[in-house]
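Peer 1: Residue numbers (my numbering): 16 to 541. For glycine and all other residues, C-beta sits at the position ideal for the given N, C-alpha and C. Given the structure is predicted, the values throughout are model-derived calculations rather than measurements. Take a look at this one; I'll ask things after.
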């Protein structure tokens, strides 16, 4: 009996000791990684940046001269009602494209105010489920309106397709569940390429994902290990660094995105109408954030409380306007090639892009939110090892429920599915956010004469984060009406990548406990 009590006490003590021991390693920044960004943002630099960004008129941080010139082409922006796609639409209009020449394909109409007023209200919207080839084909074949200055005999301008839509089931890694991601991300992309070719499109630019270069690692360390393998990963355009097998990718999302990317790249120079299709892919690194309803900073400000276990992690980020600019730069390079340009042919390639300047830590982002918002968000720091253990439990439950459902098991009816933010708390998310992930976009920043995109990406993460907070406070968050894909509804493409969703799920629990409320397990599971 005494021996039993001994183990009852010993096991929890050993677990607590292991958690503290493991945390001490996961929360360190390796010296070589720290050297990539040795300085943290000072209070002075944050305040000075805040004052400078406040003086910028309008929502955009880009200058007119940053954008490639007007082309006069027709545009189909897939996912154009979303976050990144919305910025692309706004940039097209800003540089002089006729909004009547722009067609947005999405599941939902735009909800951002700047996409529903002014010239943007003249943009065509077509409701499309990209996993349905019939729906996609109908959207591409829909007649384009003739401008008053045109006659019916005039040929239509050439067509560019920019594909930003995706369903972001980043929380799954089991091979049996990959079809849920591939249905939209891979098959949907193939449908778009096929319809684009039948419609005679000449340019197709695809939003891939920087996460396709992330190699999965293990965070349960042995006592003799100093840090996880591949704890710091430098993502470049080098194809040899990409994971090779399913289990090496961080999640099913990355698997589906790399397959889609390869489809797009393989379509380069393929016949399209009476001409040829030129293609290219952009790999944003890492999370896309910014004014207009992101799920990173705007989410923090909306929730008011933000638990974190990745605050020491160093990472690259990309402001939405930088990301939009990269797509338009790639389009411009492909147009030049089609016009007989002599620069190196970069068609059918993939380019990593990120913010200007060195990477930062998540705590840097938390600091700028604190300074600019005057402490509007409360941060609670948690143990990464403990949260990883919780993530394994959530994954076990989710995979069990999904497999029983797929096999139409009698027992499936007794295991309700997990919905809401809690479902995002799974180990695959740690494989992306618990590592130090640095993106090298030096090739994209090369001039076109040297095989680059001529991408400038002038906005730094400090500037972008500051602007995001300022715009949120201006509107009191009322402009935020971002919709991301319901993880249990494959027909709803996600429109952004939020690395804070698992933390937000925990935030809901912490907030309720802090308010002295009883937790409703039913609500948390649905």
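Looking at the structure shown, is residue 267 part of a helix, part of a strand, or coil, going by DSSP?
Peer 2: For the purposes of this step, residue 267 is identified with residue 252 of the chain shown, where counting begins at 1. Residue 267 falls in the helix class under three-state DSSP.
Peer 1: Residues bridged to residue 290 by DSSP?
Peer 2: Within the chain shown, numbered from 1, the residue matching residue 290 stands at position 275. Paired residue(s): 287.
Peer 1: Measure from the alpha carbon of residue 476 to the alpha carbon of each residue in 331, 450, 355, then state which is nearest.
Peer 2: Within the chain shown, the letter at position 461 stands for residue 476. It is 331.
Peer 1: Can you give me the C-alpha to C-alpha distance between residue 52 and residue 318, rounded to a whole angstrom?
Peer 2: As a first step, residue 52 must be located in the chain shown, where it is residue number 37. As a first step, residue 318 must be located in the chain shown, where it is residue number 303. Distance between the alpha carbons of residue 52 and residue 318: 29 Å.
Peer 1: Just to confirm my understanding: we take residue 264, look at its own chain, exclude 5 residues before and 5 after, and list those with CB closer than 6 Å. What are they?
Peer 2: If you number the chain shown from 1, residue 264 lands on position 249. Excluding sequence neighbours, residue 264 sits near 258, 270.
Peer 1: Considering only residues of the region 37-83, which uninterrupted alpha helix (DSSP H) runs meet the minimum length of 4 residues and lie entirely inside it, listed in chain order?
Peer 2: 46-49, 58-69
Peer 1: Taking residue 206 as part of the alpha helix (DSSP H), name the residues at either end of that continuous run.
Peer 2: Residue 206 sits at position 191 when you count from the first residue of the chain shown. Residues 202-213.
Peer 1: Along the chain, where does the alpha helix (DSSP H) containing residue 371 start, and where does it finish?
Peer 2: Here residue 371 refers to the residue found at position 356 when the chain shown is read from its first residue. Where residue 371 is concerned, there is no enclosing alpha helix (DSSP H), because DSSP gives it neither an H nor an E.
Peer 1: Cα separation between residue 333 and residue 83?
Peer 2: Within the chain shown, the letter at position 318 stands for residue 333. Within the chain shown, the letter at position 68 stands for residue 83. Taking the straight line joining both Cα atoms gives about 19 Å.
Peer 1: Taking its Cβ as the centre, do 16 or more other Cβ atoms sit within 10 Å of residue 174, making it buried, or is it exposed?
Peer 2: The residue labelled residue 174 in the question sits at position 159 within the chain shown. Per the 10 Å Cβ criterion, buried.
Peer 1: Beta-carbon separation of residue 248 and residue 267 under 8 Å?
Peer 2: The residue labelled residue 248 in the question sits at position 233 within the chain shown. The residue labelled residue 267 in the question sits at position 252 within the chain shown. Not a contact, by the Cβ cut-off of 8 Å.
Peer 1: If I measure Cβ to Cβ from residue 30 and keep anything under 8 Å in the same chain, skipping five residues before and after, which residues do I get?
Peer 2: Position 15 of the chain shown, counting from 1, holds the residue named residue 30. Nothing listed; no residue qualifies.
Peer 1: Just list the residues that DSSP pairs residue 347 with in beta bridges.
Peer 2: Taking the chain shown and counting its residues from 1, one reaches residue 347 at position 332. DSSP lists no partner for residue 347.
Peer 1: Assuming residue 218 is part of the beta strand (DSSP E), what are its boundary residues?
Peer 2: Residue numbering aside, residue 218 sits at position 203 when the chain shown is read from its first letter. Taken as a continuous stretch (DSSP letters only), the beta strand (DSSP E) holding residue 218 covers 218-222.
Peer 1: Between the C-alpha atoms of residue 373 and residue 291, what's the straight-line distance to the nearest angstrom?
Peer 2: Numbered from its first residue, the chain shown carries residue 373 at position 358. Numbered from its first residue, the chain shown carries residue 291 at position 276. Their Cα atoms are separated by approximately 39 Å.
Peer 1: Taking the alpha carbon of residue 63 as the reference point, which residue from 448, 387, 43 has its own alpha carbon closest?
Peer 2: Here residue 63 corresponds to residue number 48 of the chain shown, with the count starting at 1. Residue 387 is the option with its Cα nearest to residue 63.
Peer 1: Give the secondary structure of residue 323 by DSSP, where H, G and I count as helix, E and B as strand, and everything else as coil.
Peer 2: Along the chain shown, one-based indexing puts residue 323 at 308. Residue state, collapsed to three classes: strand.
Peer 1: Hey, would you say residue 324 sits closer than 8 Å to residue 378, going by beta carbons?
Peer 2: Mapped onto the chain shown, residue 324 falls at position 309. Mapped onto the chain shown, residue 378 falls at position 363. No.
Peer 1: Per DSSP, what kind of secondary structure is residue 88 in: helix, strand or coil?
Peer 2: Along the chain shown, one-based indexing puts residue 88 at 73. If DSSP states are grouped into helix, strand and coil, residue 88 belongs with coil.
Peer 1: According to DSSP, which residues form a beta bridge with residue 304?
Peer 2: The residue labelled residue 304 in the question sits at position 289 within the chain shown. Partner residues in the beta bridge of residue 304, as assigned by DSSP, are 334.
Peer 1: Please determine if the region 197-217 and the region 431-444 are in contact, where contact requires at least 3 C-beta pairs separated by less than 8 Å.
Peer 2: no
Peer 1: Quick one, which of 456, 489, 487, 464 has its alpha-carbon nearest residue 473's?
Peer 2: Within the chain shown, numbered from 1, the residue matching residue 473 stands at position 458. That would be 456, whose Cα lies nearest to the Cα of residue 473.
Peer 1: Which residue from 454, 464, 42 puts its Cα closest to that of residue 242?
Peer 2: Within the chain shown, numbered from 1, the residue matching residue 242 stands at position 227. Comparing Cα-Cα distances from residue 242 to each of 454, 464, 42, the minimum goes to 42.
Peer 1: For residue 232, collect the residues of the same chain with a Cβ closer than 6 Å to its Cβ; drop the 5 residues on either side in sequence, then sort them by chain order.
Peer 2: Position 217 of the chain shown, counted from the first residue, corresponds to residue 232. Cβ-Cβ distances below 6 Å link residue 232 to 243, 244, 245 in the same chain, with the five nearest sequence neighbours on each side left out; the list follows chain order.
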